[in-house]
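If you want our numbering, it's the position in the sequence shown, counting the first as 1, plus 13.
For every residue, glycine included, the Cβ atom is placed at its ideal position computed from N, Cα and C.
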Amino acid sequence: MRAALWLLALFGVAVAAALFAGNNQGTVTLYWPPYRIDLSLNMVVLLLVGGFVTVYMALRALAAMLELPHQARRWRVQQKERAMHGAMLDALTHMLAGRFIRSRKAALAALTQEEALTSASEKVPHGHHLRALAHMVAAESSHALQDRPTRDRHLQQALDQAPAGGTAQEQELREGVQMRAARWHLDDRDAGTALERLAALPQGAARRTLALRIKLKASRLARQTNDALDTARLLGKHHVFSADAAQSIVRGLATELISSAHDTAQLQQIWLQLEQSERTMPELSIHAAQRLAALGGESTQVRAWLLPAWERMVTLPDALPDYQALKLVRTLESGMDTLDATWLARLESAQLANPRDARLQYLAGVACLKRELWGKSQQLLTQATTHLPDASLRASAWRHLAELAEQRNDGEAATAAWKKAALAH
């Protein structure tokens with residue numbers, strides 16, 4: 014469409030020029046004493062147009078000739094910039110391929126090219142960014158080569174190219190350098206320095222997934238379990254891990270934190286710091302109750318912490334693994350002397366609701382034994398011995414039966430029970 018319009022316009026100009034030139038009778042007279050020159054108006058117009066075009070082309074040719082040195086200079090600068098960027102690409106390629114010596118050499122070549130351009134007063138607009146990245150590639154390669162002095166030197170030079178109060182792009186670059194440095198110190202098993210690097214990050218950058226991952230590993234390495242637990246919770250909320258993996262990590266850290274308690278006050282403080290969903294985890298509630306009992310805590314508090322796991326075991330008999338159910342039974346057994354009426358009712362109702370559960374029979378038998386209900390205790394413990402899955406529980410049941418036989422002065426039954434208790438291990 015545009016070409017057709019241009020063609021129509023050209024025809025129009027041609028027609029107008031033909032009408033003007035064909036019927037133009039005008040003349041132009043030049044007087045140059047003693048001469049007189051008569052020229053047609055058409056010739057004068059052609060001469061003027063031709064002269065203008067000639068002068069214009071001459072000026073353009075002169076400008077192009079004068080521009081040749083500048084173009085040559087730009088070409089040389091362009092070649093140096095291409096060589097600089099090519100060296101930087103080679104450095105990144107070699108680093109990804111695991112050729113760290115070549116990578117560092119190419120990064121240093123890129124730095125040399127950039128310095129040459131700067132010394133020639135031909136600064137690259139993004140020169141300081143490229144210098145920072147080249148130093149980081151050299152530092153990364155040096156870290157892989159276990160050359161820590163060279164790594165630290167290039168790291169500091171990269172930080173110098175990205176000042177703390179710079180532009181937004183410089184700030185992003187500095188944050189990336191600090192995160193990478195924290196990762197390097199973590200690889201060196203220097204958790205303290207890694208955490209210091211992360212602490213220097215702004216609040217927003219410190220909550221990024223990469224920073225939180227590094228912080229989690231550094232906190233675990235530094236035995237800062239409380240910080241590691243908080244970090245794992247954040248990562249779980251950001252869906253960095255799968256639900257099962259996040260729960261496993263949190264559970265492991267919480268277990269470690271509970272095990273680090275040295276007295277009941279510290280343990281109760283740790284327990285209150287846990288989230289409600291964590292306190293209902295059977296693994297954590299059983300472990301915390303065991304730890305509280307070992308530290309001499311009140312049996313009432315121990316049973317209160319065990320209640321979620323107990324309800325889960327009673328409601329779903331196969332919900333708890335055998336080792337967790339064993340821990341639960343052992344922890345409840347250790348506080349049978351102070352068992353209150355509420356828990357006695359729970360034991361009795363649970364045993365009646367699950368008459369074939371040997372663990373509940375064992376607990377009910379031990380409770381009856383502590384309250385001197387010898388007959389019922391003997392009946393429940395005898396039933397439990399044939400179905401208890403754990404050897405240690407069977408041995409404990411036979412020991413209790415031996416004690417009951419001694420209470421009845423039945424030496425033969427006591428000897429047989431003690432013998433079976435020894436064989437059960």
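Just verifying my parser: in three-state terms, what is the DSSP assignment at residue i?
i: T40; result: strand
i: D423; result: coil
Alpha helix (DSSP H) containing residue i: first to last residue?
i: L386; result: Per DSSP, L386 belongs to no alpha helix (DSSP H) and is neither H nor E.
i: R112; result: Here R112 belongs to no alpha helix (DSSP H), and DSSP marks it neither H nor E.
i: V342; result: D335 to S347
i: T238; result: T238 to K250
i: T163; result: R161 to D173
i: T268; result: A256 to S272
i: E188; result: A181 to D200
i: L208; result: A204 to A212
i: A332; result: From DSSP, A332 is part of no alpha helix (DSSP H); its letter is neither H nor E.
i: S362; result: A354 to A366
i: P402; result: Unbroken run through P402: none, as it is neither H nor E.
i: L234; result: T222 to L234
i: E296; result: P295 to A307
i: R369; result: No alpha helix (DSSP H) holds R369; DSSP gives it neither H nor E.
i: A152; result: G140 to A157
Do you know whose CA, among the options, lies nearest residue i's CA?
i: A120; options: H139, Q216 and G99; result: G99
i: A195; options: A152, A16 and K136; result: A152
i: A218; options: G348, D243 and A181; result: A181
i: R407; options: R117, G63 and T395; result: T395
i: D353; options: S312, L341, A338 and G388; result: S312
i: V41; options: Q260, K136, A410 and L60; result: L60
i: D173; options: R161, A157, L146 and D160; result: L146
i: R87; options: G189, G178 and E135; result: E135
i: A204; options: W19, D240 and R49; result: D240
i: G468; options: H142, N367, T206 and D331; result: This structure does not reach residue 468, given that the chain is present from 14 up to 438, and the question cannot be answered.
i: Q216; options: A245, T206, R246 and Q184; result: Q184
i: R187; options: R210, T206 and R166; result: R210
Just to confirm the assignment, what range does the beta strand (DSSP E) spanning residue i have?
i: L52; result: Y48 to S53
Which whole-angstrom value is the C-beta distance of residue i and residue j, which I expect to be below 8 Å?
i: L242; j: L223; result: Not quite, the Cβ-Cβ distance comes to about 19 Å (not below 8 Å), so this is no contact.
i: A267; j: I299; result: In fact, because the Cβ distance is near 12 Å, the residues do not count as touching under 8 Å.
i: L393; j: Q374; result: 5 Å
i: W411; j: A434; result: 4 Å
i: T344; j: Q303; result: 5 Å
i: E296; j: R264; result: 6 Å
i: L130; j: V90; result: 7 Å
i: V379; j: H400; result: At roughly 16 Å, the Cβ-Cβ gap does not stay under 8 Å, so V379 and H400 are not in contact.
i: A245; j: I227; result: Actually they are not in contact, since the Cβ atoms of A245 and I227 sit about 13 Å apart, beyond 8 Å.
i: W387; j: Q420; result: 6 Å
i: A175; j: V190; result: 6 Å
Is there a Cβ from chain C that is less than 7 Å from the Cβ of residue i?
i: P47; result: No chain C appears in the structure shown, which is made up of a single protein chain.
Notebook entry, point to check: Any chance the region 224-240 sits against the region 181-200, with 3 or more Cβ pairs inside 8 Å?
Noted result: yes
Margin query: With three or more beta-carbon pairs closer than 8 Å as the criterion, would you say the region 116-130 touches the region 139-158?
Written below: yes
Check: Any chance the region 94-114 sits against the region 71-78, with 3 or more Cβ pairs inside 8 Å?
Finding: Contact between the region 94-114 and the region 71-78 is absent, with fewer than three C-beta pairs closer than 8 Å.
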